[in-house]
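Chemist: -19 is the number of the first residue of the sequence shown in the numbering used here; add one for each residue after it.
Glycine included, C-beta positions come from ideal geometry on N, C-alpha and C.
Keep in mind that this is a model prediction, so the values were computed, not measured.
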Amino acid sequence: MSPRLKADRQARIILVLGDQLSPRIAALRHADKDRDTVLLAEVEEETKYVGHHKKKLAFVLAAMRHFASELQQDGWRVDYVMLDAPGNTGSIVGELKRAAARHQTRAILATAPGEWRLARALEDLDRSGDLDVERLDDDRFLCSVSAFASWIEGRKAPRMEHFYRHMRRKTGLLMHGDAPEGGRWNFDADNRKPPGKMPPAEGPRQFEPDSETVDVLDLVRARFPGNFGELEPFWFGVTREQAELAFEHFVSASLPHFGDYQDAMLRNDDFLFHAVVSLYLNIGLLDPLEVCRRVEAAYRQGDAPLNAAEGFVRQVIGWREYVRGIYCLKMPGYAERNQLRHQRPLPDFYWTGDTDMACIATCVRQTRDEAYAHHIQRLMITGNFALLAGVDPHAVHEWYLAVYADAVEWVELPNTLGMSQFADGGLLASKPYAASANYINRMSDYCRGCRYDARQRSGADACPFNFLYWDFLARHRRRLKGNPRLAPLYRTWDRMDAGEKRAVRSSAARFLKRLAG
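#1: Contact between the stretch 439 to 459 and the stretch 475 to 488: three or more CB pairs below 8 Å?
#2: Alpha carbon to alpha carbon, how far is alanine 284 from histidine 237?
#3: Since tyrosine 241 is in the alpha helix (DSSP H), which residue starts that stretch and which ends it?
#4: Just to confirm the assignment, what range does the beta strand (DSSP E) spanning leucine 116 have?
#5: Do the CB positions of cysteine 339 and tyrosine 426 come within less than 7 Å of each other?
#6: What is the DSSP secondary structure of threonine 91, counted as helix, strand or coil?
#7: With 16 as the cutoff for other CB atoms within 10 Å, does lysine 36 come out buried or exposed?
#8: Report all residues from its chain with a CB closer than 6 Å to the CB of serine 126; omit the five preceding and five following residues, and keep chain order.
#9: Return the bridge partner residues of proline 160 from the DSSP annotation.
#10: Of the residues Gln(-10), Asp250, Thr472, Gly31, which one's Cα is nearest the Cα of glycine 206?
#11: For valine 391, which residues of its own chain have a beta-carbon under 6 Å away from its beta-carbon, when the five flanking residues on both sides are left out?
#12: According to DSSP, is methionine 399 part of a helix, a strand, or is it coil?
#13: In terms of alpha-carbon separation, which member of Val196, Ala181, Asn262, Tyr330 lies closest to phenylalanine 230?
#14: Whose C-alpha, out of Ala7, Gln(-10), Leu63, Ala92, is nearest the C-alpha of alanine 21?
#15: For alanine 65, which of Asn395, Glu24, Glu290, His10 has the nearest alpha-carbon?
#16: Once you ignore the five residues that flank aspartate 219 on each side, which residues in its own chain have a CB closer than 6 Å to its CB?
#17: State the start and end residues of the unbroken alpha helix (DSSP H) segment that holds isoleucine 72.
#18: Using alpha carbons as the reference points, say which of Ala478, Phe445, Glu480, Arg458 lies closest to lysine 491.
#19: Output the distance between the C-alpha atoms of alanine 351 and glycine 333, rounded to the nearest integer angstrom.
#20: Would you identify the three-state DSSP class for alanine 375, choosing helix, strand or coil?
#21: For alanine 366, which residues of its own chain have a beta-carbon under 6 Å away from its beta-carbon, when the five flanking residues on both sides are left out?
#22: Here's a check: name, in chain order, each residue in its chain whose Cβ is nearer than 6 Å to the Cβ of methionine 311, leaving out the five neighbours to either side.
#23: Count Cβ pairs between the stretch 136 to 154 and the stretch 291 to 305 that sit closer than 8 Å; are there 3 or more?
#24: Would you call the stretch 253 to 273 in contact with the stretch 192 to 205, where contact means no fewer than 3 C-beta pairs closer than 8 Å?
#25: Confirm, please, whether the CB-CB distance from alanine 7 to alanine 90 is below 7 Å.
#26: In terms of residue numbering, what span does the alpha helix (DSSP H) encompassing leucine 495 cover?
#27: Buried or exposed: arginine 465, going by 16 or more other Cβ atoms within 10 Å of its Cβ?
#28: Beta-carbon within less than 7 Å of serine 71's beta-carbon, same chain only, minus the 5 sequence neighbours each way: which residues are those?
#29: Label serine 108 either buried or exposed according to how many other C-beta atoms from any shown protein chain fall within 10 Å of its C-beta, with 16 as the threshold for buried.
#30: Specify whether the stretch 151 to 169 and the stretch 341 to 355 touch according to this definition: at least 3 beta carbon pairs, one from each stretch, less than 8 Å apart.
#31: The beta strand (DSSP E) with alanine 244 in it runs from where to where?
#32: Per DSSP, which residues does arginine -8 bridge with? Please list them.
#33: For lysine 34, does the count of other Cβ atoms within 10 angstroms reach 16, so buried, or fall short, so exposed?
#34: Go to threonine 219, then tell me how far its beta strand (DSSP E) extends in each direction, as first and last residue.
#35: How long is the line joining the alpha carbons of methionine 178 and cysteine 308, rounded to whole angstroms?
#36: Where does the unbroken beta strand (DSSP E) through threonine 17 begin, and where does it stop?
Printed below as a string of structure tokens:
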């Protein structure tokens, strides 16, 4: 989409959403400071469509308020609607109508929303004729929706790895001429060191809340007392400057070891060498291409190994762009997919952490305290358990969307339904990301001192991940037996004697019955 420019046009309302906090967003680039008014609105609909973590709410609202101040200092006319403002309608559409009346205009200019429900709301508003809503492509992303549609067309198995290679060639990142730096596209095999000999990690850069953020914390404390999660200590950056400082800290302090230990997990270290910048990327405070170029520069300057740089770049220009493309092309139907027909309710311990499984308890505690868990904790602990136990994937999706500060639907939903829960039947992932306790024991210290024994496959003391893993494979054999990556596992199952199989299935049945009770 391109802007409809007219020399004699009327003044416009420039809509900026809470995850579009960039001065280079398309709508701002095509706006006129002298005639147009920027609208940012805190609305109840956006705070309550899921029960967002208190820290997530505070992060988004504080970042919006700081961005509004930044725009005003840059000479923009800003109409900022606070959550408790008199007359606040509680919706983006309602606030657009009110702003249009205040400023006596029908013209709205917006950057296309990332979330499908908001994109549909603006489309419906334009179609209604109440206001004239012009929407521009969100070109913060490196692959447009139309370009992704062209790439995916005709591909029977549109895997991220192939898309990632396409994006490496397109951006030139970590390329040596026409070949990948180091002769390989993917160094994931070098990024799986267990935490046994891991050096100490500094963790992410943290910031003290200023007076404006303190006001937001007070608001969240008063308006959302029953929401999940701890509000304080609150240490997220809420400005572009702080986000950039947080990223530079990652590059200097953590990137050198990020690749080696990005799959590791420890009870008493919530962050290890992870960047913890996805929340800043997803809200607009950091630019994806800029951070990748900075990581590439660190590698070329000898400040970070190739496996670390490549692992970071793959997550940003590969997986992040890929799932956004899938979301934009497959919604709204994608959200309802449930290929494995899982229906079990989400267990209460996803909210309370009250379980004897040390890995789950640790990850939920960390999520409650920090509104953060890294990708392996999400995929191979909380996601893996939900998959093995047969939890309704839509319930899992809503949990992830609610509890993490970086969770916006376009990135979270495909990751949850497609990669974590295999609910799309294999569009994103070539096999279910299911694993027994062996993987968790190897990549973490969670199993030490746990009530359950990671080495036992069945019985009262066996780790539930073990018997649930084999039970999952057994009960879904008809659907999954043709998957070549699972064939060795089914051969292992077939070699087990009948008594052992019965013990595994019985242990799973007893556990799941207690889970439901």
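Modeler: In this structure, then:
#1: yes
#2: 8 Å
#3: 235 to 241
#4: 112 to 116
#5: yes
#6: strand
#7: buried
#8: none
#9: Met155
#10: Gly31
#11: Val303
#12: helix
#13: Ala181
#14: Leu63
#15: Glu24
#16: In the sequence on display, residue 219 carries threonine and not aspartate. Closer than 6 Å at the Cβ level, and outside the excluded window around threonine 219, lie His46.
#17: 72 to 82
#18: With the sequence shown as reference, residue 491 is identified as phenylalanine, and lysine is not the correct amino acid for it. Answer by Cα proximity: Phe445.
#19: 14 Å
#20: helix
#21: Val376
#22: Trp96
#23: yes
#24: no
#25: yes
#26: 478 to 496
#27: exposed
#28: Val23, Glu25
#29: exposed
#30: no
#31: Neither: alanine 244 is in no beta strand (DSSP E) and is coded neither H nor E.
#32: Ala87
#33: buried
#34: No beta strand (DSSP E) holds threonine 219; DSSP gives it neither H nor E.
#35: 39 Å
#36: 17 to 21
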